[in-house]
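Sequence lines, in order, name chains A and B.
Residues are numbered in the working numbering as their position in the first sequence, beginning at 1, plus a constant of 6.
Residues are numbered in the working numbering as their position in the second sequence, beginning at 1, plus a constant of 1.
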Amino acid sequence: MEYLASGKIAVVDLATREIIEEELDDDLVLEKIGGAGITKSLYDRFADQDPIVLGTGLLTGSLVPGSSLGVITAKSPLTGRVSHVPLSLDAGMELKYSGFDYIVIKGISEKPVYLWIHDGIADISDSDDLWGQDVWTATDRIRDLMGDDLIQVIGIGEAGEKGSDLAQISINYWQSGDRMGFGNLFGKKRLKLIALRGMGLLEIAEPEEFIEKCGELLSAVKSGGAAKIRGIAAMAAALGAEDIGEWLQPLTHKHMACFNTSVPTNTFVFLDEDPSLLKETTVNEPGVLLTDISPLLIFKRLGLTAADACHVLKACAKYGIDAAAVAELSETTGLTDPEAIKGALPDLKGPVSSSGDAVFSPWAAVGNQEKEGWMRRQAVAYIFGIHPLFALMAPELTEEKLLDISSLGTELELTQETLDEVIADITG
Amino acid sequence: MGLKIDALTCTACMACELACGYHRDDAFALLSSCIVPYRAREKKNYIGVILKEEDSLIAARPEGTEISRIGQEQDPDKEADASAKPMLLRESCDLCEDLDDGPLCIRFCPVNAISME
Ligand code: SF4
Ligand code: SF4
C-alpha cells in the first residue's frame, strides 16, 4: 500500500518475543478498506491465539476532518464478542505515523513487558519498572525513559494487572473509550503498555485534489450544526443527553480536541486550582481530562457534585478502571459517597450493561440515537478512522464523500458495494 | 503582515501543523511544519501554538504572546519542545505565498484561531 499508509503490519508474539513484519497489500485494502475492516480480518486470521489487534482507519492522520481514530479489536472478556474500541485523542494519529498501520499482538508473555513502536521499528522489553505502577506513573516513566513527552501511551493500571473485569486501557493519563474490558486482556497477556511515536510521512496519490476536497468537507462541517459545539457538556446536549453544562461549568478550564477533529469533544476541569488560570500551573500532576459523557450523566443523576464526580473520575483514570462501569455499579448499589466509591474500586465486579450489546464500544452511544443508524455510522467511522462522536455530529461526511476522497488519496477504486460488505462483516 | 494566533480559542487539534506540513512536503508529515501546537505540557492542559518566522519564534500562550528574536535568546528552542525536530531547523513561515487561497493553516483551523494581521 503506497498511499495514506506506512504499508506495514507487525505481528508480535509475546510468548516467543518474535516480531514479524508483513506488507499491507493493496488487495487487502480493496477488500476490507481499512480500520475495523482490516483489524477484524487480522483478528480472524489469528483468532486461535486470542489476539489484540491495533490499527488505523484509511483516512486516519490525514486532513479529512475528524481523522483522529485508531481502533483496537479483540474479544471482549465482558461480552465474549469480538469488539472494537476507539483510540482517540492523539493515539490513533501517532500509530499512523509510527511506521505500522496494523499491529497484531498474540500469545502470553512469561514476564511483564511493554511494546515500543516507533519510526518503523517494533520492540518488546521487560516492564519491571512499570508493572505495579498506576497509569499516571507508568506514562511518566516510559516518557522519561525514552526522553520524549510526546509519546502516546496505551496502557493499563493496577485494575488491568489484577484482572478486574472492568479494567480499561488508558490513553496517556486519561480514560479511553474502552467499555469492553480490554484492559483486562492486556493484563492477562502481561502487556503493561504500548508506547507509540512516529515521524513518518504519508504520501497522497492525488495531493491537490485530495486537499481541495478536505477543505470542502471542513467548510461544510463549519457551516453545519456541529460547528458551535465546544466541549463534553455541549456535545452531550447536542446528542440528546441531559444538559450537564451548568453543573460542570464552575470547574471548566478549557476544551480540547482529538487530532484534527473539528469539534473539541474533551473538557479539562480544574479541581484544586482556579479554572480560569491562564499561566502554566506549578502543580505537577496530570489533572482531569473528561473524555466520556456517560459517567458524568450517572454521577449527576446520583446527586454528586461535579467536583465529587470528577474526583472519582480522577481516581478511576489513575487506577485504570472504566468510570462508566463504576458509575453504573454505584447506581445499582446506591453508593453515593465519593470516598466510598473510590475505596470500592479494587473490589468492583460485573456484570455491567455499560459494555452495551453492539460490537462497537457504546462510548459514543449517547442520548436517543436510532440504533441501526448509530451502528452503521460507527462502522463507517471505525473503517475510515473518523472520530465516532464527531461522525455522529457531522452528517456532512457522507459515505459517498468518504469513499470518493479515499479513492483520490489512494488511487484504489473503493466502491459503495465494498463498504456495504465490510460493514456487514464487522457488525455481523 | 504575519499570522496572529489566539491561544485561548485553540483546541490543540494540530490541523494547522498538518496543513503546514503538507504545504512543505506535498504529503502528510508533521516534521517540517513551522506552526506547531505544543503538546508536551499535556499535564494540566497548558496548550498553545509556536510559529517560526524568519527572525523570530512566536509562542502564543494562553496568557499572551511572546516573541523571541532568533539568535538573541540563549535557548530559543526551549519552548519548541513540541516535536523531535527543533523549530529552528525548520523553514520559516512564508505565509503560503504560492497559494492563491492564502495560508493553509488559516484555511484548516476549524475554530478560526489563526488570522492574518
Ligand atoms: S502560513 Fe503557510 S507557511 Fe505559514 S505557518 Fe501557515 S501553513 Fe505554514
Ligand atoms: S488548527 Fe487552530 S485549533 Fe487546531 S491547533 Fe492549530 S491553531 Fe489550534
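Cβ atoms here follow ideal geometry from the backbone N, Cα and C, with glycine treated the same way.
The structure displayed is predicted, hence computed values, not measured ones.
Which value, in whole angstroms, describes the spacing of the CA atoms of residue i and residue j?
i: A114 of chain B; j: M99 of chain A; result: 22 Å
i: E427 of chain A; j: E37 of chain A; result: 9 Å
i: V294 of chain A; j: K45 of chain B; result: 8 Å
i: S225 of chain A; j: A247 of chain A; result: 27 Å
i: G237 of chain A; j: A13 of chain B; result: 13 Å
i: D78 of chain B; j: S336 of chain A; result: Low per-residue confidence applies at D78 of chain B: pLDDT is 49, beneath 50, and the placement is therefore not dependable, though the value from the model is reported in the following sentence. The alpha-carbon atoms of D78 of chain B and S336 of chain A are separated by roughly 48 Å.
i: D129 of chain A; j: G113 of chain A; result: 15 Å
i: L425 of chain A; j: M15 of chain B; result: 29 Å
i: G103 of chain B; j: L96 of chain B; result: 7 Å
i: L4 of chain B; j: T45 of chain A; result: 42 Å
i: S115 of chain A; j: E27 of chain A; result: 19 Å
i: A83 of chain B; j: G340 of chain A; result: Caution is warranted here: a pLDDT of 47 is assigned to A83 of chain B, below 50, making its placement in the model unreliable, and the coordinate value is therefore given only provisionally. Those two C-alpha atoms are separated by around 45 Å.
i: M2 of chain B; j: K86 of chain B; result: 26 Å
i: E55 of chain B; j: I71 of chain B; result: 8 Å
i: K407 of chain A; j: I217 of chain A; result: 13 Å
i: T338 of chain A; j: T85 of chain A; result: 19 Å
i: P57 of chain A; j: A80 of chain A; result: 6 Å
i: L308 of chain A; j: A346 of chain A; result: 14 Å
i: G206 of chain A; j: D135 of chain A; result: 29 Å
i: S116 of chain B; j: D101 of chain B; result: 16 Å
i: A30 of chain B; j: E376 of chain A; result: 38 Å
i: A16 of chain A; j: L48 of chain A; result: 11 Å
i: D155 of chain A; j: P213 of chain A; result: 31 Å
i: A81 of chain B; j: G349 of chain A; result: For A81 of chain B, the pLDDT reaches just 45, beneath the cut-off of 50, and the residue's location in the model is therefore unreliable, although a value from the coordinates is still provided. Looking at the two C-alpha atoms, the distance is approximately 41 Å.
i: D431 of chain A; j: I250 of chain A; result: 37 Å
i: V141 of chain A; j: E334 of chain A; result: 22 Å
i: K355 of chain A; j: D171 of chain A; result: 6 Å
i: E98 of chain B; j: P270 of chain A; result: 30 Å
i: T433 of chain A; j: I389 of chain A; result: 11 Å
i: V112 of chain B; j: R51 of chain A; result: 43 Å
Residue i CB to nearest chain C CB: under 7 Å?
i: F390 of chain A; result: Chain labels in this structure do not include chain C; the protein chains are A and B.
Is residue i near residue j, with beta carbons less than 7 Å apart?
i: G72 of chain A; j: I392 of chain A; result: yes
i: Q181 of chain A; j: A323 of chain A; result: yes
i: G13 of chain A; j: L30 of chain A; result: yes
i: P118 of chain A; j: R23 of chain A; result: no
i: Y120 of chain A; j: L199 of chain A; result: yes
i: G153 of chain A; j: G193 of chain A; result: no
i: E18 of chain B; j: V37 of chain B; result: yes
i: G326 of chain A; j: A173 of chain A; result: yes
i: V372 of chain A; j: P344 of chain A; result: no
i: L95 of chain A; j: C264 of chain A; result: yes
i: L223 of chain A; j: A239 of chain A; result: no
i: G163 of chain A; j: P83 of chain A; result: no
i: G183 of chain A; j: S367 of chain A; result: yes
i: T297 of chain A; j: F396 of chain A; result: no
i: L208 of chain A; j: L20 of chain A; result: no
i: A211 of chain A; j: G43 of chain A; result: no
i: G105 of chain A; j: D125 of chain A; result: yes
i: I39 of chain A; j: L64 of chain A; result: yes
i: A315 of chain A; j: V358 of chain A; result: no
Under 8 Å by Cβ, that's how I've got residue i and residue j pegged, so tell me the actual separation to the nearest angstrom.
i: L75 of chain A; j: Y108 of chain A; result: In fact, because the Cβ distance is near 14 Å, the residues do not count as touching under 8 Å.
i: V6 of chain A; j: I78 of chain A; result: Outside the displayed range of chain A (7 to 434) lies residue 6 of chain A, so it cannot be described from this structure.
i: L420 of chain A; j: S413 of chain A; result: 5 Å
i: R383 of chain A; j: I429 of chain A; result: Wrong, their Cβ atoms sit about 10 Å apart, outside the cutoff.
i: R185 of chain A; j: G362 of chain A; result: 7 Å
i: A8 of chain B; j: G49 of chain B; result: 4 Å
i: H261 of chain A; j: P281 of chain A; result: Rounded, the Cβ-Cβ distance is 12 Å, inconsistent with contact.
i: M399 of chain A; j: A232 of chain A; result: 4 Å
Name, in chain order, the residues that DSSP records as bridge partners for residue i.
i: M117 of chain B; result: B:L4
i: S24 of chain A; result: Note that residue 24 of chain A corresponds to Glu in the displayed sequence, not to Ser. DSSP, once it has assigned bridges, lists A:D19 as partnering E24 of chain A.
i: L121 of chain A; result: A:I130 and A:I200
i: V59 of chain A; result: A:T79 and A:V110
i: K14 of chain A; result: A:E29
i: W180 of chain A; result: A:I177
i: E252 of chain A; result: Answer by DSSP bridge pairing: none, since E252 of chain A is not bridged.
i: Q158 of chain A; result: A:L202
i: I148 of chain A; result: Answer by DSSP bridge pairing: none, since I148 of chain A is not bridged.
i: F29 of chain B; result: A:L208
i: M262 of chain A; result: A:N272
i: L295 of chain A; result: A:F274
i: S57 of chain B; result: B:R70
i: Y39 of chain B; result: B:G49
i: V91 of chain A; result: A:I78
i: G189 of chain A; result: None; G189 of chain A has no bridge partner.
Beta carbon of residue i: closer than 6 Å to some heavy atom of ligand 4?
i: P38 of chain B; result: Looking at this structure, you won't find ligand 4 anywhere; what it does contain is ligand 1 and ligand 2.
Task: Neighbouring residues (CB closer than 7 Å to any heavy atom of ligand 1) - done: B:L4, B:C17, B:A20, B:C21, B:H24, B:S34, B:C35, B:I36, B:L52, B:C94, B:D95, B:L96, B:C97, B:P104, B:L105, B:C106 and B:I107
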